[in-house]
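Working notes for the structure below.
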Amino acid sequence: MTRPSDDQLLAVLVDMVAARTQARRLWNLQRQGRIGTVAPIDGHEATVAATAHALDPSQDWILPQYREPLALQRYGPEVLDHYMLYNVGHPDGSRLPESVRVAPLQISLATQIPHAVGLAWGMTLQDEAGVVVVFFGDGSSSEGDFHEAANLAGVLRAPVILLCMNNQWAISTPLHQQTAAASLADRAVGYGINGVTVDGNDAAAVFDAVDEARKRALAGQGPTLIEACVYRLGAHTTADDPTRYVPPEDLEAARRDDPIERLEKHLVELGLWDDEIRSAVETQALSRIDEATDAAEAHPLRAEALMDHCLSVDSPRMARQRLALLSEAEL
Amino acid sequence: MSEIGSSVTGPSELTMLQAINEALHHEMARDERIVVLGEDVGRNGGVFRATEGLVEKFGEERVVDTPLAEGVIAGAAVGLAMAGLIPVAELQFLGFSYQAMHQIAGQVARLRYRTRSRFEPAITIRSPFGGGVRTPELHSDSLEGQLANIAGLKLVTPATAADAKGLLSSSIRDPDPVVFLEPLRGYRGIRGEVPSGEHLVPLGEARLAREGDDVVVIAWSYQVELACRVADALIDENLSVAVLDLRSLVPLDLAAIASVVDRCGRAVVVEEAVQTGGFAGEVVTTIVEECFWSLESPVVRVSGYDVPYPVGQLEDTYVPSEARIAAAVRRVLEVA
């Protein structure tokens, strides 16, 4: 196992703090009506950021669910820029540049897991180095797509890492109602693949687990299911009120295990982190997301874009609809 | 619209199934990015032998027997396309596509649109459909109306052996996702001359299968075969019945429909699917929009019934027969 270096852990913490800071801004932007529904990252920062830092953005892919983008800074500033385009409802939000190996958000839970297996398989067929990491949650692990994809990944020995962020809640459904399994990682046995459980609030442990899984995948040893145990510290989305169902004492306990505080404590001991640094990171993160928001809101959009990119060439029916749309747009 | 009996070179007499197999062999040899995946497509050559000989020629990396899971067959095809490959997936029977529909409708069809063409969904999903061969339940359903209602998919429905080859080659080369529907009854029941070697039929061009002036029967897939038999039989009654083979439902050849209906003034639309919400309704709407003032009688649909596809002893009652099509033709002609 390769422990992350102190510098790597510092970079992970910077991304985590920036993500938490920006998540608060997103919440307010949604309340102001400037963006649509968003899913806060609070509590998932260590798992997402440490995963990204254990990967090589020039060859490894990330297929997110929908909670991850704020902590994917390692994959380039385009991730945040496009996330904000997505949040303001611009269709370019899901079109990241070719160079950025991040797929668009996936709203239909678990459907991205078969895509990840297919992508990893396709890379192998073309002798491309690299692995695919696909994020999903404990709720998604109940979907048929998870099962079908994990099974196929095992058969093909695809270089894919199935990263289940077990945050204990699928909106209001707690884990014990999601499954009778003692551990989600145990399911790997049924697919003949490697399975590990990791403390998802421990950035170093996540880094280790992903690094190990990646090395196995690149060595042709097949997929790994990583269950990263975290706790959803915020609401499911801006449309959710978790006070209706999350026991306050559970939330309180989870807050005492905040992934950011844990890593801060470690880096303070090493003399690499203090309040001043944190304050600077937060200021920078806020100005960065404000810029991205302004740019997203100013990003041009023609009504005709509605018809673009459905088929490579409009069908005769669509061509007529496009003409009708243009004439109606002038009304 | 294509000409009748368009000239072919070096034809040989093949069944539709053999024509499909030829197209797969030809395309896989032409483009090494093509990967065939599905249940029993390799070692067994497909349960109907549509993929026969592929694994022997192109190897187990490119012809892959998948686990029995339709959802991940369609879903993995999305990932293969994201990797720059050209997946040709087989769903063993269209009735089983329900277990893949969340991937087909929610993911395959939307990949280009939601990523603004970052990812090229050059995916072909082949599947046999339609009844008449006494299969078990859910092996015969005609779901083209449901599939046509999914934006972002092309929907191709060959009716002849030559078209099966030419349209399949075009579908595989098409940059958009294509659901390619193969009539079960036609696999061995339809045969004809098929050009050897390269043969391409463009998507979106209907074919006038029979010339005629009194009435046109508009159909696709196996119903074209039935309509042609009816047209041929009615020549004895001095009736001139045209048959328009749509070939693809998406894109739909609006101009060909308008042209032939304007000329004939009377139309029958045939489909095997459940009537309510079926694609024949879309064709009738097209006729009303394009040709209302040319119509000399109401358009008549010949469809299945609004019931699930039945078991064997009721099959022949359910599927459109030559007698029902002939009766519909006479009915539209009775209106002065």
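Residue numbers (our numbering), protein chains in the order written: chain A, 738 to 1068; chain B, 9 to 344.
Ideal Cβ placement from N, Cα and C applies to all residues, glycine included.
Starting from residue i and walking both ways along the beta strand (DSSP E), at which residues does that stretch end?
i: M902(A); result: 897-903
i: W798(A); result: 798-800
i: G932(A); result: 931-936
i: I963(A); result: 961-966
i: F137(B); result: 132-137
Are residue i and residue j close, meaning C-beta to C-beta below 8 Å?
i: G171(B); j: V209(B); result: Here residue 171(B) is Asp; the residue named in the question, Gly, does not match the sequence. Their beta carbons are under 8 Å apart, which means D171(B) touches V209(B) by this criterion.
i: L846(A); j: F873(A); result: yes
i: E60(B); j: G67(B); result: no
i: I198(B); j: E233(B); result: yes
i: G103(B); j: D149(B); result: yes
i: L856(A); j: C901(A); result: no
i: H755(A); j: A917(A); result: One detail in the question is off: residue 755(A) reads as Ala in this sequence, not His. No, the Cβ-Cβ distance between A755(A) and A917(A) is not below 8 Å.
i: Y812(A); j: I799(A); result: yes
i: T910(A); j: G83(B); result: no
Suppose the cutoff is 8 Å on Cβ atoms and the five residues either side in sequence are ignored; what does the same chain contact list for residue i look like?
i: D182(B); result: A130, T132, K162, L211
i: Y803(A); result: A776, L842, Q843, I844
i: E30(B); result: L22, K173, V202, S204
i: P851(A); result: D882, E885, A886, L889
i: I908(A); result: G876, H973, D977
i: L1004(A); result: D743, L746, L747, L750, W1010
Keeping to the same chain, check which residues put their C-beta closer than 6 Å to that of residue i; ignore five residues upstream and five downstream.
i: Y121(B); result: G160
i: G50(B); result: V63, V71, D73
i: V307(B); result: A275, V292, I295
i: R1025(A); result: none
Kindly list the residues whose CB is nearer than 7 Å to the CB of residue i, restricted to its own chain and excluding five residues on each side of it in sequence; keep chain order.
i: G289(B); result: none
i: Y823(A); result: G830, S831, L842
i: A113(B); result: I158
Taking just the CA atoms, how far does residue j sit from residue i?
i: P806(A); j: V943(A); result: 17 Å
i: A1066(A); j: D1031(A); result: 26 Å
i: V785(A); j: L809(A); result: 7 Å
i: V268(B); j: L252(B); result: 8 Å
i: L189(B); j: M1044(A); result: 26 Å
i: Y317(B); j: C236(B); result: 24 Å
i: E835(A); j: L119(B); result: 15 Å
i: R761(A); j: Q767(A); result: 10 Å
i: S302(B); j: G273(B); result: 5 Å
i: L254(B); j: W228(B); result: 5 Å
i: S14(B); j: L322(B); result: Note that S14(B) scores 43 on pLDDT, short of 50, meaning its location in the model is unreliable and no value can be drawn from it.
i: Q115(B); j: D221(B); result: 44 Å
i: E865(A); j: A89(B); result: 15 Å
i: W858(A); j: A214(B); result: 38 Å
i: A1029(A); j: G194(B); result: 57 Å
i: M753(A); j: P996(A); result: 9 Å
i: N903(A); j: A954(A); result: 22 Å
i: D793(A); j: A946(A); result: 15 Å
i: V868(A); j: Q958(A); result: 12 Å
i: H33(B); j: Y928(A); result: 33 Å
i: P2(B); j: P75(B); result: The structure shown does not extend to residue 2(B), since chain B is modelled only from 9 to 344, so the question has no answer here.
Do you know whose CA, among the options, lies nearest residue i's CA?
i: L80(B); options: Y106(B), L252(B), E69(B); result: Going by the sequence as given, residue 80(B) is Val instead of Leu. The candidate whose alpha carbon is nearest that of V80(B) is Y106(B).
i: A972(A); options: T758(A), G780(A), G770(A); result: G780(A)
i: L93(B); options: A27(B), E69(B), L25(B), P144(B); result: E69(B)
i: S305(B); options: R57(B), S311(B), I295(B), Y313(B); result: I295(B)
i: A940(A); options: I898(A), H884(A), L1000(A); result: L1000(A)
i: E1041(A); options: A1035(A), L1062(A), Q958(A); result: L1062(A)
i: S742(A); options: A787(A), L763(A), R761(A); result: A787(A)
i: L216(B); options: A263(B), E280(B), V141(B), R309(B); result: A263(B)
i: V871(A); options: T861(A), K952(A), P896(A); result: P896(A)
i: L862(A); options: F101(B), P144(B), C299(B), P95(B); result: P95(B)
i: F56(B); options: T123(B), A77(B), A27(B); result: A27(B)
i: R992(A); options: Q915(A), R969(A), Y982(A); result: R969(A)
i: G46(B); options: A108(B), V315(B), A37(B), Q283(B); result: A108(B)
i: P1037(A); options: H827(A), R953(A), V935(A); result: H827(A)
i: C1047(A); options: R338(B), F127(B), V43(B); result: F127(B)
i: R1039(A); options: R1059(A), S1052(A), P1053(A); result: R1059(A)
i: V186(B); options: E206(B), L155(B), A335(B); result: L155(B)
So which residues on chain D does residue i lean against when the C-beta distance must stay under 7 Å?
i: D829(A); result: You won't find chain D in this structure, because its protein chains are A and B.
Assuming residue i is part of the alpha helix (DSSP H), what are its boundary residues?
i: S179(B); result: 169-181
i: D222(B); result: That residue, D222(B), is in no alpha helix (DSSP H); it is neither H nor E in DSSP.
i: L1060(A); result: 1053-1066
i: L252(B); result: Here L252(B) belongs to no alpha helix (DSSP H); instead the beta strand (DSSP E) covers 249-253.
i: L242(B); result: 230-242
i: R953(A); result: 940-955
i: A6(B); result: Absent from the model: residue 6(B). The displayed extent of chain B is 9 to 344, so no value can be given.
i: A857(A); result: 849-862
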